[in-house]
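Those protein sequence lines, which keep their order, are chains P and D.
Under our numbering, the first residue of the first sequence is numbered 2, with each subsequent residue one higher.
Under our numbering, the first residue of the second sequence is numbered 13, with each subsequent residue one higher.
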Amino acid sequence: MDPRVGLIRDFSRTFAEGTAKVETKDCGFPFLDRLLRGGVELEYGELTPLRLLHRYKLVHVSEARMIELLAAHVDKEWNVCRYFGPTANDVFCFNVDNNRKATSAAVVAEVEVTVRALEGYLREVECEPLVVASGRGYHVWCRLGAPVENARLYEFLLPMAARALATVTAFDHTHIKINLYPDVRLRNVVSLRLFGSLHAKTGVFSRVLGPDGLLDEAASWDRFADFVEKRAISTATFDAAYGSLASLRLLIERR
Amino acid sequence: MSATRARDAKVIAVDIDDTLNDFTATLRRTPFPYHARYRVPEARFHEYLVGIRDGAPEPSDLLSSEYLSLRFKIHEQCYRHAVARGDGIEFMQWLKSDDWRIVVCTRRDLRRVGDCTKEWLSAHRIPFDYLFSATNKIAFCRAWDIALLVDDEANSIEFGPKYGVRVFYPTLRQGIAPPSDARGFDAFDEVKRWIQESG
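Here it is, written out as structure tokens:
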């Protein structure tokens, strides 16, 4: 097996079993026949307005077929997106995007400032993030040594996102959109592209953001490997990070 | 069963809202009392609701907004409560019994309303083989080599014939601007007859 597939499997070990979304320009019934091999079923398909890009939500994906899908993902045949586990996960993610139509294809200054602030706050509480370019923003991932219930993760994610947004005082915060994963309000509904994806519009590899800017593809894979193998946060560290946001959480609950 | 079909095989795409159901009428006639779960102040809720009933787009430059969030919640209720056309149900059942491959093709955000859409189709015994979301159904039909489309959207009616897609549309829809080679129908039986006549 390609070691990159192994890394992604390790990374996605708590994601929803047997479910994935494939994002590709390929379409048509012969293609669908090939995609649905091995008992895979299509829950629904989507034609996006982006250069005839198709998305296929697949269910009943066996482990063997998932490995095949991931092998095609790392070979850049398509992007695979995965759904977070329904009850607990050992990864979480802030999806920070530009929220304006006029500039939606670009990473605007508001997003850059917010992501850098978020990175800083996560490091303050010893959660080392992996920040991956997503097109009009970034995915800010953190990894845990053991799964944590989704409700507790969300109670950490929400005040942390609010803290980052509050930093962006020079801008209108409505220009930024932060989606939180896993989101306890949405189960098995929203997915995220896995590391190794190509940008939907440009076809450019989604690189990791380093201290001085975006890394190249090889360095991005190295950083991803380091993240998966060495950067998991212990339960004690997460609990402390969670506790550090108690007052902000209370403020949000009161509102 | 193989999904593979040639261009001239029996494959058809059919829209849902205002084609198989009365979505717009449901949106306009259904009372939507204010509730805190909408997460919008009551005065703004009523203001937004007027726009939603009229099909007004998001007024700002934002991709995600209070208005769009409320519109989704209202539309979702309409998806559940819209009344199915009896002749539409019979037409879909005829397609299935006549061995047509049926692609239900809708503008709905199936990420969020896929389950309720399937439940509605199932509750009304409307058969289908695949469920797809597309904002441009003519582009979808061309990409998938589907020659027949039943749809009420003005874009489909105007551009379908130009791009080689035969479009049948319910004439109940308001605001359609002919001329177009698409064919309007009052009853689904007409579509069935036209399909049969063209072999």
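We put the CB at the ideal spot given by N, CA and C, even for glycine.
Just so you know, these numbers come straight off a predicted model, no measurement behind them.
Reduced DSSP category for residue i - H, G, I as helix; E, B as strand; rest coil
i	result
G176(D)	coil
R97(D)	coil
T15(P)	coil
V23(D)	strand
V41(P)	coil
I28(D)	coil
L53(P)	coil
R119(D)	coil
S192(P)	strand
L249(P)	helix
E271(P)	No information on residue 271(P) is available, as it lies outside the stretch 2 to 256 that chain P covers here.
L75(D)	coil
A15(D)	Unreliable positioning characterises A15(D) in this predicted model, as indicated by a pLDDT of 43, which lies under 50. A coordinate reading is not provided.
Unbroken beta strand (DSSP E) run spanning residue i, endpoints
i	result
C94(P)	89-99
K22(P)	21-25
H47(D)	No beta strand (DSSP E) holds H47(D); DSSP gives it neither H nor E.
V203(D)	From DSSP, V203(D) is part of no beta strand (DSSP E) but of the alpha helix (DSSP H) over 200-209.
R83(P)	80-84
Under 8 Å between C-beta atoms of residue i and residue j
i	j	result
Y57(P)	V23(P)	yes
R119(D)	S145(D)	yes
V179(D)	G172(D)	yes
E129(P)	R232(P)	yes
I234(P)	C94(P)	no
G197(P)	H74(P)	yes
A25(D)	C117(D)	yes
L59(P)	L71(P)	no
D11(P)	V209(P)	no
D164(D)	P182(D)	yes
F84(D)	L61(D)	no
H200(P)	G138(P)	no
L195(P)	S13(P)	yes
W112(D)	C28(P)	no
A199(D)	D99(D)	yes
D141(D)	V125(D)	no
R65(D)	R97(D)	no
T175(P)	N90(P)	no
R83(P)	S192(P)	yes
H93(D)	T147(D)	no
R145(P)	L181(P)	What sits at residue 145(P) in the sequence shown is Leu, not Arg. Their beta carbons are not under 8 Å apart, which means L145(P) does not touch L181(P) by this criterion.
V185(P)	N151(P)	yes
F225(P)	L119(P)	no
F92(P)	T15(P)	The question names Phe, but residue 92(P) is Val in the sequence shown. Going by C-beta atoms, V92(P) is nearer than 8 Å to T15(P).
Residue i - containing alpha helix (DSSP H), residue span
i	result
F197(D)	Counting along the chain, F197(D) falls outside any alpha helix (DSSP H), though it belongs to the beta strand (DSSP E) covering 195-197.
S221(P)	218-231
L36(P)	30-36
T203(P)	Run containing T203(P): none; DSSP gives neither H nor E here.
A73(P)	64-75
R65(D)	54-66
R256(P)	Careful: R256(P) lies outside any alpha helix (DSSP H) and carries neither H nor E.
T183(D)	Note, T183(D): premise wrong, no alpha helix (DSSP H); not H, not E.
Entirely enclosed alpha helix (DSSP H) segments - the region 102-186 of chain P, minimum 4 residues: 110-125, 151-168
Segments of 4+ residues assigned as alpha helix (DSSP H) that fall wholly inside the region 121-166 of chain D: 122-135, 149-155
Chain D contacts from the region 38-60 of chain P (Cβ-Cβ distance under 7 Å): L43, E44, Y45, G46, E47, L48, P50, L53
Short-range partners of chain D found in the region 186-197 of chain P, where Cβ spacing is below 7 Å: V190, V191
Positions along the region 12-37 of chain P whose CB lies within less than 8 Å of some CB in chain D: C28, G29, F30, P31, L33, D34, L37
Short-range partners of chain P found in the region 43-60 of chain D, where Cβ spacing is below 7 Å: none
Residues in the region 150-180 of chain P having any Cβ partner in chain D nearer than 7 Å: T175, K178
Residues within the region 75-98 of chain P neighbouring chain D, beta-carbon criterion of under 9 Å: D98
Contact set between the region 138-155 of chain D and chain P, restricted to residues whose Cβ is under 8 Å from the partner: Y142, L143, F144, S145, A146, T147, N148, A151, F152, A155
The region 109-137 of chain D: positions lying closer than 7 Å to chain P by Cβ: L122, R123, R124, G126
Contacting positions in the region 76-97 of chain D - beta carbon closer than 7 Å to chain P: S76
Positions along the region 156-172 of chain D whose CB lies within less than 8 Å of some CB in chain P: W156, D157
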